[in-house]
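Q: First the structure, which I've put down as structure tokens, then a few questions once you've had a look.
There are 2 protein chains.
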Amino acid sequence: MSKLRTKKTLLSGLPVLLLSGVLGMQVAPASASDHSHHNKEYAKFNKAGELVRPTDYREWIFVGSPLTPKDMNDGKPAFPEFHNVYIDPASWAHYKKTGEFRSGTIIVKELVSVGTKKSASGNGYFQGDFLGIAATVKDKKRFADRPNNWAYFGFGDKASAAAEPDEACSACHKANAAQDMVFTQHYPVLRAAKSK
Amino acid sequence: MSKLRTKKTLLSGLPVLLLSGVLGMQVAPASASDHSHHNKEYAKFNKAGELVRPTDYREWIFVGSPLTPKDMNDGKPAFPEFHNVYIDPASWAHYKKTGEFRSGTIIVKELVSVGTKKSASGNGYFQGDFLGIAATVKDKKRFADRPNNWAYFGFGDKASAAAEPDEACSACHKANAAQDMVFTQHYPVLRAAKSK
Chain A
1 MSKLRTKKTL LSGLPVLLLS GVLGMQVAPA SASDHSHHNK EYAKFNKAGE
51 LVRPTDYREW IFVGSPLTPK DMNDGKPAFP EFHNVYIDPA SWAHYKKTGE
101 FRSGTIIVKE LVSVGTKKSA SGNGYFQGDF LGIAATVKDK KRFADRPNNW
151 AYFGFGDKAS AAAEPDEACS ACHKANAAQD MVFTQHYPVL RAAKSK
Chain B
1 MSKLRTKKTL LSGLPVLLLS GVLGMQVAPA SASDHSHHNK EYAKFNKAGE
51 LVRPTDYREW IFVGSPLTPK DMNDGKPAFP EFHNVYIDPA SWAHYKKTGE
101 FRSGTIIVKE LVSVGTKKSA SGNGYFQGDF LGIAATVKDK KRFADRPNNW
151 AYFGFGDKAS AAAEPDEACS ACHKANAAQD MVFTQHYPVL RAAKSK
């Protein structure tokens, strides 16, 4: 039930995206080295309290790429195929130091189709086209009443998004994710940073 | 033949890595925004002319994650399973502007095992442990005699590596890669940057 609801809410707008092809990409500068940015808030909210669609996340820190292909999920995975997951640079710097997700952390999941299953390197799954993004933000003040202060957002093709109804995403994350509602068990980059 | 040779040369040392577990990770700052770094050379060579093993590539720009799982390749893929691929920040900035790989480009492929094939999000492939890295460098002066000036390096657990014999990698890249011997057909981040 909750998986179905998640799918419906997070992916509304995806057909439009599929029709319009690859998403336009605005890359704003990101930096893991600029220490003046260590307290920077990468999650921006508009006056309506909606999360503004992040545009520069492909220059953030990649943490892992779970894959749930259609052909292994009866044609209907909960989320489209590859999920390229990124954490903002300031929260990455904090995580490297403390092993914890700070208040202000934003994690973006970019969804990507399977382009082909054959290449010169062998049989497998190879990334095709961008399909859309989802995001989660931890904020102790803004989301004081949410489990572990995380809220979840699905964008479809929208420029901003309200937080999903709490039960849509957080129950699954709370039950199954390894650390603080984040699926670090699938993100080797975070595990390696924490183990240092 | 060339695939077998590639496997043998690139992956020598992998068993040692597998035994020693997750690689130690030294993360040095990287930046896509610091304009003073736009001409920075991220590929470092020692006095013997060997490429020094990059340590900060997880803070470079992720471009895609091809997957060639064991169970789809008779247990013996040409490369281990997930390949997380990164380009250095200065060459990324150049690519965004020109759509070309500059002399000085270094691309790192980090190899990651499949950790599990089941998760809360469905059936699929989920990243497990780091296994090692390979890299390619384009340098018009240093590799003037190599096809398109690219040379290829496999590290196993070594701190530096000599360029592979030319035929080991470049023939496959030249024959199958979409742009300038780089498999951009599998890297949606590069394709999107180029299409702007």
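Here the protein sequences line up with chains A and B, keeping their order. For the first sequence, the positions run 1 to 196 when full-length UniProt numbering is used. For the second sequence, the positions run 1 to 196 when full-length UniProt numbering is used. Where is the CB? At the ideal position from N, CA and C, for every residue including glycine. It should be emphasised that the depicted structure is a prediction, and the values quoted were computed from it without experimental measurement.
Can you look up A/N39 in the DSSP assignment and give me helix, strand or coil?
A: Collapsing the DSSP output to three states places A/N39 in coil.
Q: By how many angstroms is the C-alpha of A/T98 removed from the C-alpha of A/F79?
A: 31 Å
Q: In this structure, does DSSP put B/T55 in helix, strand or coil?
A: coil
Q: Heavy atom of the ligand NAD less than 7 Å from the Cβ of B/V63, yes or no?
A: Looking for the ligand NAD in the displayed structure turns up nothing, as the structure carries no ligands at all.
Q: Would you report the Cα separation of A/I133 and B/G128, rounded to the nearest angstrom?
A: 23 Å
Q: So what's A/T105 in DSSP terms, helix, strand or just coil?
A: Of the three classes helix, strand and coil, the one that applies to A/T105 here is coil, per DSSP.
Q: Going along the chain, which unbroken runs of the beta strand (DSSP E) with 3 or more residues stay wholly within the UniProt domain "Cytochrome P460" (54 to 184) of chain A?
A: Counting whole runs of 3 or more residues, the UniProt domain "Cytochrome P460" (54 to 184) of chain A contains the beta strand (DSSP E) stretches 61 to 64, 82 to 87, 106 to 119, 122 to 138, 150 to 154.
Q: Is the distance from the Cβ of B/F62 to the Cβ of A/F62 below 8 Å?
A: yes
Q: Suppose the cutoff is 6 Å on Cβ atoms and the five residues either side in sequence are ignored; what does the same chain contact list for A/N176 look like?
A: none
Q: Is there contact between the region 108 to 123 of chain A and the region 166 to 186 of chain B, where contact requires at least three CB pairs shorter than 8 Å?
A: yes
Q: Roughly how many angstroms lie between the CA atoms of B/G104 and B/K140, to the nearest whole one?
A: Distance between the alpha carbons of B/G104 and B/K140: 8 Å.
Q: Out of B/N84, B/K47, B/L67, point me to the one whose CA is closest to B/R58's CA.
A: Comparing Cα positions, the closest option is B/N84.
Q: Does the beta-carbon of B/K47 have 16 or more other beta-carbons within 10 angstroms, so that it is buried, or is it exposed?
A: exposed
Q: For a contact meaning CB atoms closer than 9 Å, what does A/M72 contact in chain B?
A: K117, G122, N123, G124, Y125
Q: A/D129 versus chain B: which residues are under 8 Å apart at the beta carbon?
A: P188
Q: Identify the continuous alpha helix (DSSP H) that holds B/K194 and give its terminal residues.
A: 188 to 195
Q: Please list, in chain order, the chain B residues whose beta carbon lies closer than 9 Å to that of A/I61.
A: What A/I61 touches in chain B: R58, E59, F62.
Q: Going by beta carbon distance, what residues of the same chain come within less than 8 Å of A/F155, once the five residues before and after it are set aside?
A: G13, R53, G132, I133, A134, A135, A161
Q: Examine chain A for any beta-carbon lying closer than 8 Å to the beta-carbon of B/N148, and answer yes or no.
A: no
Q: Please list, in chain order, the chain A residues whose beta carbon lies closer than 9 Å to that of B/N46.
A: Within chain A, no residue comes near B/N46; the closest Cβ sits about 24 Å away, beyond 9 Å.
Q: Who are the Cβ neighbours of B/Y187 in its own chain at under 8 Å, not counting the five residues just before and after it?
A: These residues qualify, in order along the chain: V63, G64, V85.
Q: Is the beta carbon of B/F130 closer than 8 Å to that of A/A192?
A: yes
Q: Tell me whether the beta-carbon of B/R146 lies closer than 8 Å to the beta-carbon of B/S170.
A: yes
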